[in-house]
Amino acid sequence: MGISRAPRASLRPFVDLVWASDGGEASPPAARRELVLPTGMTHIVLRLGGSPLRLFAGHGDRLGDTVGHALIGGARAGPYLKALAPSAPSVGALLRPGAAELMAGAPAGTLAGAHTRLEDVWGDRAVSELTDRLAGAASPAARLDLFEAALAARLPGLRGVDPLVGHALMRLGASWSVGAAVRETGVSHRHFARTFREAVGLGPKTWCRLTRFGAALDRLAREPAISWAELAVAEGYADQSHFSREFREFSGLTPGAYRRAAPAAPRHVPVSFVQDGTRAAG
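Under numbering that gives the first Met the number 0, the first residue of the sequence shown carries the number 0, and numbering increases by one thereafter.
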């Protein structure tokens, strides 16, 4: 059983979504891995027991690298490959663009493209105490309430999101025009891009492209029979070839391979490890 929802009102300027699971899902086969597609946002996740996150450098990596149980997943523009471990109670938060330094405690540009141990940012004691409280909760709902309270406890020390970044996110979300957003701020393009990257973890143009890719994934989940040409037009790509190039860059898969994998969640693609180092999606 799991739940996901918008956070309490005080967190909504900084947090897009919070979730909790009770770890009751069936264990995956040992050879199964998962290709996780990028959202462009920063995540905070705490896994309460079981195996720590194990990442693979590529499909030919047999051993992988163990990261930890409490993590900050930085914004990224490409997928990562992880082991599908037996489930365990977990909680997480998806941070809004521009809020990583405020809520996670480190600039998004520093966290980008990597998984960082939460202890390295919040401190060992704070994470240990929070983990103990979460582990003692009687249900996912109770666990989520405790997690939200821990996030809300950070609010008194927060300042607001940089107004330049806040305006840019609003403007880019409406038009996808980086040039127009830069002109409206009155700063140089270099300053704009540097400030945006430090706050969001991605450059403004990459963020726009990745957001459009995410919208395409969400539309595909809603309309699984849509043709690639129709999907490309609906999401504003120049043509189907443009869409295919972007899809491959952000997912590491062709659109056809993604569709054949039929992932239950749009950004979580099951992958089977094959001993010769290749992969089989689905």
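Yeah, the Cβ is synthetic: ideal placement off N, Cα and C, and Gly gets one too. In this text the structure is predicted, and so the values were computed from the model without any measurement.
How would you label P85, buried or exposed, when you count the other beta carbons within 10 angstroms and need 16 or more for buried?
Counting C-beta atoms within 10 angstroms of its own C-beta, P85 has fewer than 16 neighbours from the protein chains shown and is therefore classed as exposed.
Taking one C-beta from the segment 108-119 and one from the segment 70-80 each time, how about it: are there three or more such pairs within less than 8 Å?
They touch, by the three-pair rule.
Nearest residue (CA-CA) to M89, options G49, G97, E128
Inspection of the sequence shows that residue 89 is occupied by Ser rather than by Met. When only C-alpha atoms are compared, the closest one is G49.
Close beta carbons around R7, own chain, < 8 Å, minus the five adjacent residues each side
If you ignore the 5 residues before and after R7, its C-beta comes within less than 8 Å of the C-beta of E147, A151, all in its own chain and listed in chain order.
Return the bridge partner residues of D64 from the DSSP annotation.
D64 pairs with L54.
Thinking C-alpha only, which one of T194, R153, A220 is nearest V164?
The residue with the shortest Cα to Cα distance from V164 is T194.
Proximity below 9 Å, CB of L145 to CB of A87
No, these two residues do not count as a Cβ contact at 9 Å.
Assuming contact is defined by CB atoms lying nearer than 9 Å, are R266 and P96 in contact in what I supplied?
No, the Cβ-Cβ distance between R266 and P96 is not below 9 Å.
According to DSSP, is T115 part of a helix, a strand, or is it coil?
Of the three classes helix, strand and coil, the one that applies to T115 here is strand, per DSSP.
Expressed to the nearest angstrom, what Euclidean distance is found between the alpha-carbon atoms of A105 and P223?
Cα to Cα, the separation comes out at about 38 Å.
Can you tell me whether A8 is helix, strand or coil according to DSSP?
Of the three classes helix, strand and coil, the one that applies to A8 here is helix, per DSSP.
How is G281 classed by DSSP in three states: helix, strand or coil?
Here G281 scores only 49 on pLDDT, less than 50, and its place in the model should not be relied on; the value that follows carries that caveat. In this structure, DSSP gives G281 a state outside helix and strand, which the three-state scheme calls coil.
According to the Cβ coordinates, are V126 and L45 closer than 9 Å?
Yes. Within cutoff.
Where DSSP assigns a beta bridge to A215, which residues make up the other side?
In the DSSP assignment, A215 is bridged to no other residue.
By DSSP's criteria, P269 is part of a beta bridge. Which residues make up the other side?
P269 is bridged to E33.
When we look at the beta-carbon of H42 and count the other beta-carbons within 10 Å, is it buried (16 or more) or exposed?
In this structure H42 is buried. Its beta-carbon is surrounded by 16 or more other beta-carbon atoms within 10 angstroms.
F212 to F246 span [Cα, whole Å]:
Roughly 7 Å between the two C-alpha positions.
For D15, which of helix, strand or coil comes out of DSSP?
It is a strand residue.
Range covered by the alpha helix (DSSP H) that runs through R153:
Segment: none, R153 is in no alpha helix (DSSP H) and carries neither H nor E.
D64: which of G255, A233, A113 sits nearest, CA to CA?
Ranked by how close their Cα comes to the Cα of D64, the residues G255, A233, A113 have A113 in first place.
Report all residues from its chain with a CB closer than 8 Å to the CB of R218; omit the five preceding and five following residues, and keep chain order.
The beta carbon of R218 sits closer than 8 Å to the beta carbons of I225, L230, A233, E234 from its chain, once the five residues preceding and following it are set aside; these are given in chain order.
Counting along the chain, where does the alpha helix (DSSP H) carrying Y340 start and finish?
A question about residue 340 goes unanswered here, because the residues of the chain that appear run from 0 up to 281.
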